[in-house]
Every structure is written in structure tokens, then in C-alpha cells.
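**Student:** Have a look at this one.
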Amino acid sequence: MPVDDMIVGLDIGTTKVCAVIGEFDENNRLQITGVGTSPSEGLRRGVVINIESTMRSVTSAIEAAEMMSGREVLHLVTGIAGAHIEGINSRGVVAVTGKGREINREDIGRVIDAAKAIVIPMDREVIHVIPQEFVVDDQGGIKDPLDMIGIRLEAEVHIVTGSVTSAQNLLKCVNRAGFRVKDIVLQPLAAAGAVLTEEEKEMGVLLIDLGGGTTDILVYIDGAPYHTNVLALGGGQVTSDLSFMLKIPNEAAERIKRESGVCYLPLVDKDEDVVIRGIGGWPSVTVQRREVCKIIQPRMAEIYNLVKEQLVKKDYLRHLGGGVVLTGGGAMIPGAAELAQEIFGRRARVGVPTKLGGLSDVYQTPIYSTAVGLVLYEAAQIQSEGGASVSPRRSGSGMMAKLKNWMKEFF
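So the sequence shown is numbered by my numbering: it starts at 5 and just counts up by one.
Right, dumping it as C-alpha cells:
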């Protein structure tokens with residue numbers, strides 16, 4: 005089998021590393037054939053702080069996926085996140101130069117280049133440039149202007165930028181583990197591809213990816229991203245709160261969060277108890293589950309309210325006809341959707357990766373949303389290789405070009 009029939013998505017998170025292997029079957033349908041996870045060591049709030057530890061975590065997760073699929077991984081697509089990620093909206097305008105004033109691919113490329121010609125600091129680079137809409141001679145709302153007739157072409161785009169050094173460190177970890185990165189993709193963008201429907205994107209939807217060290221935010225309006233941000237808060241803070249308030253080690257707090265945690269008080273029966281097992285000779289302790297909820301709920305509410313403040317400030321909240329979709333490990337805490345519904349005043353659900361062929365019972369959980377999304381993202385790029393030059397990769401490939409040059413110099 006050629007290597008190109010296999011796609012590997014690698015989600016390097018603060019608390020875990022997930023690797024997902026996808027393969028095309030004889031009917032060109034995507035199947036998930038391998039899944040691997042490993043505790044993540046070496047990251048803080050989504051950014052690499054220890055190369056060696058991260059490298060070991062990457063190797064462990066990919067080896068587990070290789071063992072399940074029976075394939076050897078050589079290349080992969082990885083996600084990037086962290087508080088250094090920023091999203092901005094921009095507009096570009098050009099004159100149509102095609103024969104008979106017919107808009108061609110060159111015109112589309114030029115208008116996107118004009119839209120992304122913004123001033124950014126030297127230590128930052130463009131990761132994605134995603135078209136929101138095109139305007140042809142004052143006629144807006146156009147998704148693909150190819151072959152239309154016009155004199156003036158405008159493009160409104162969403163530009164995602166990130167720290168070059170953060171991406172370099174990410175690449176270095178993967179390379180030292182013996183693999184090569186084909187592409188770097190914004191993690192919430194990948195997760196959105198796995199858990200959101202096209203109808204939700206068109207209606208306007210808020211995606212909240214509740215990770216261990218960060219919370220990723222992505223707002224879709226009229227089918228395109230309009231707001232991207234990353235909060236330096238996540239499920240790790242919930243664990244720390246439990247550890248501090250209950251005076252127990254972090255490991256015990258994490259276990260209680262996973263096994264007995266709940267973040268919406270109306271769901272808890274007042275007579276329910278939680279047993280905290282004794283450690284190091286200390287006796288077991290019993291606490292009410294309501295007390296556990298009273299520790300978790302305020303932190304989750306704080307995260308949601310920080311997200312809500314951003315949307316209110318930009319007046320995006322009223323555009324969320326598709327509601328709120330939660331994913332990531334934090335979304336698995338019972339009550340996460342109910343609390344979100346109360347705070348945002350919109351319907352909310354927990355998003356799991358779309359069902360593909362293969363090991364659906366393994367990967368259809370919120371913790372694999374980003375990794376599965378990376379596989380889907382790359383599959384879409386492969387299948388549209390001959391398409392228009394407005395895809396996120398083609399119109400935002402500056403980051404990869406700069407990083408490839410850096411790798412040549414470094415190695």
C-alpha cells in the first residue's frame with residue numbers, strides 16, 4: 005500500500021497526546037484504523053516547555069496507534085494551540101483582470117493576498133487565511149466567485165496567527181521522535197471539522213474545546229470562522245481546585261473529577277456521597293457529591309463567562325442560532341452542556357467526532373475530536389488538490405514555508 009493512503013492526526017495537548025490513523029479503503033472511504041493516547045508531559049497551557057518529555061509522549065501515543073492499525077507512521081498532521089494564538093478579520097480589494105472581466109483563480113488568489121497583507125510582529129506568522137465571503141461589485145454573500153463577471157472583487161477573511169517559536173518547538177518534538185510534519189492546523193479548526201454540522205456553521209455556532217490546560221474558542225457565522233481565541237484555563241484548573249479544597253493529591257482529585265464530578269448542581273441528588281480513598285495510610289473520607297459540584301461548577305462557570313464576555317464585546321452572541329457545542333475532555337463532565345445552556349442562553353450539546361468507518365466505538369468521544377478532525381482536514385485537502393486556491397492551507401501556508409526553511413537550517 006502506498007504511504008499516501010494513510011493519514012495520521014496528532015493532537016499534542018497539555019494533559020494528553022492523541023494519535024489517530026485514518027486510511028482510505030478500496031472505495032475511497034475514510035476509515036479510522038488506529039488510535040493511541042499517552043499522558044502528556046512537557047507542555048504547559050498548550051505550549052512546549054520540555055522537548056524531551058514531549059517527544060517521549062508523542063512516541064508513546066503513535067506507537068500505540070501503530071500497534072492497533074498494523075501500519076508504520078512516517079508523516080503526520082499536527083495541531084497547534086496555546087495562548088499565543090490570535091484570530092483577526094481583514095478585507096482585501098482588487099480589480100478583476102481576467103478576460104471579459106471573468107473572475108479566475110488568479111484574481112481570487114490576489115484578493116486573498118491583499119486581505120492578508122496586514123502588519124504582524126516579526127515573531128508571529130500566519131497559520132490560516134480562511135475566506136468568509138466575497139463581494140463582487142457590491143454584491144455580497146458570495147462563497148465562491150469563480151467565473152462570475154465583475155469589475156471589483158473584495159474578500160473578507162479570517163486570519164489566524166501564532167508564535168513562530170512555539171510552532172518550531174512543536175515541530176522539533178515530532179521530528180526528534182522520528183516523524184515528519186506534513187501540515188500544522190489550528191486545533192479548534194480541526195475539532196470543528198469533526199463535531200460541527202454544516203447547518204450549525206451556517207446558522208452560527210460557538211465551539212468550546214475544553215482541554216486540560218487551555219480552552220479553545222471558535223465562532224462560525226454564515227458558515228465561516230469569525231472569532232478565534234484561546235483561554236489559558238482548562239480542566240487542569242478544575243482538578244487543582246478539587247485538590248486544594250478537599251486537601252487531596254492531584255491524582256486523587258483527577259480521579260474524583262472523572263468518576264464523580266458534575267458541574268451543574270440541579271443534576272445532583274442531595275443524598276449522593278463520594279468516597280475519597282485514603283493515601284499513604286490515611287483513612288478514606290466520604291464527602292457529599294453536592295460539595296464536589298460546588299467546587300467544580302464555579303470554575304466551569306468562570307471559563308464560560310470569560311468566553312461569553314468576548315462574544316458580547318464583539319456582538320457575536322446574537323448570531324449563535326446553532327447554539328453552543330462543547331468538546332474536549334472537559335465536556336465529558338456531567339452537566340457541562342446544561343451549565344453552558346444556562347450561561348449563554350442558547351441550546352448546548354456535547355460534540356463527538358463524526359462517525360466514520362473503522363473503530364467508531366473507540367474514537368467517538370470528545371477527547372479525540374481534535375485528532376480525528378486533523379485526519380478529516382488532511383483528507384479534505386487531498387481530495388480537493390485540484391480545487392480553488394481558497395482552502396485554509398493554500399491561502400495560509402506562510403507558517404509551514406517558514407518552518408520548513410528553519411528546519412533545513414537547523415538540521
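Backbone N, C-alpha and C define an ideal beta-carbon position, used for all residues, glycine too.
What you are looking at is a predicted structure, and each value in this text was computed from that prediction instead of being measured.
According to the neighbour-count rule (16 or more other Cβ atoms, all chains shown, within 10 Å of its Cβ), is Ser393 buried or exposed?
**Tutor:** At Ser393, the pLDDT of 38 sits below 50, so the modelled position is not reliable and the matter cannot be decided from this model.
**Student:** From Ala305 to Met59, what does the alpha carbon distance come to, in whole angstroms?
**Tutor:** 34 Å
**Student:** My output table needs one value for Lys186: the three-state DSSP class, helix, strand or coil.
**Tutor:** strand
**Student:** Indicate whether Ile131 and Val164 have their beta-carbon atoms separated by less than 7 Å.
**Tutor:** yes
**Student:** Which value, in whole angstroms, describes the spacing of the CA atoms of Lys359 and Leu157?
**Tutor:** 39 Å
**Student:** Excluding the five sequence neighbours on either side, which residues of its own chain have a C-beta within less than 7 Å of the C-beta of Asn173, listed in chain order?
**Tutor:** Val52, Ile55
**Student:** For Phe248, count neighbouring C-beta atoms within 10 Å of its own C-beta (all shown protein chains included) and say buried if the count is 16 or more, exposed if not.
**Tutor:** exposed
**Student:** Note down, one range per segment and in chain order, each beta strand (DSSP E) of at least 3 residues found wholly within the stretch 216–293.
**Tutor:** 219–225, 228–235, 277–280, 289–292
**Student:** Apart from the five residues on each side of it in sequence, which residues of its chain come closer than 6 Å, Cβ to Cβ, to Tyr381?
**Tutor:** Val189, Ala194, Gly197
**Student:** Under a Cβ-count criterion, where at least 16 other Cβ atoms within 10 Å of its own Cβ denotes burial, should Gly13 be classed as buried or exposed?
**Tutor:** buried
**Student:** In whole angstroms, what is the alpha-carbon distance linking Leu222 and Gly96?
**Tutor:** Using only the alpha carbons, I get a separation of about 22 Å.
**Student:** Would Gly4 pass as a contact of Thr331 if the rule is Cβ separation under 7 Å?
**Tutor:** Here the chain has residues from 5 to 415 only, and residue 4 is not among them.
**Student:** What does the alpha-carbon distance come out to for the pair Pro229 and Arg75?
**Tutor:** 35 Å
**Student:** Using only the alpha-carbon positions, how far apart do Ala85 and Asp220 sit?
**Tutor:** For Ala85 and Asp220, the distance between alpha carbons rounds to 8 Å.
**Student:** For Ile96, name the three-state secondary structure that DSSP assigns.
**Tutor:** Position check: residue 96 holds Gly in this sequence, whereas Ile was assumed. Reduced to three states, the DSSP call for Gly96 is strand.
**Student:** Quick check on DSSP: helix, strand or coil for Gly26?
**Tutor:** strand
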